[in-house]
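So, in structure tokens, the structure goes:
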């Protein structure tokens with residue numbers, strides 16, 4: 001029988017589980033700007049927060065601003 005340190009081997013957590021635990025344990029929020037569970041105003045808020053904190057995404061052209 002092999003022994004693995006915590007975090008090595010065993011079951012891998014899903015990305016959703018990592019995001020959920022990050023929110024509950026550390027108050028970190030990871031949200032995709034195109035998450036279908038969000039309404040348009042919620043997705044727009046996420047986009048605006050991302051741009052305010054980190055700048056515009058280089059792969060997206062905003063047709064409203066030219």
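Numbering (the working numbering), first residue to last: 1 to 66.
The C-beta atom is built at its ideal place from N, Cα and C for all residues, glycine as well.
Can you tell me whether DSSP reads residue 9 as helix, strand or coil?
coil
Between residue 20 and residue 33, how many whole angstroms is the CB-CB distance? I'm expecting something under 8 Å.
Contact doesn't hold; Cβ gap of about 19 Å is too wide.
C-alpha distance - residue 42 paired with residue 52, whole-angstrom precision:
15 Å
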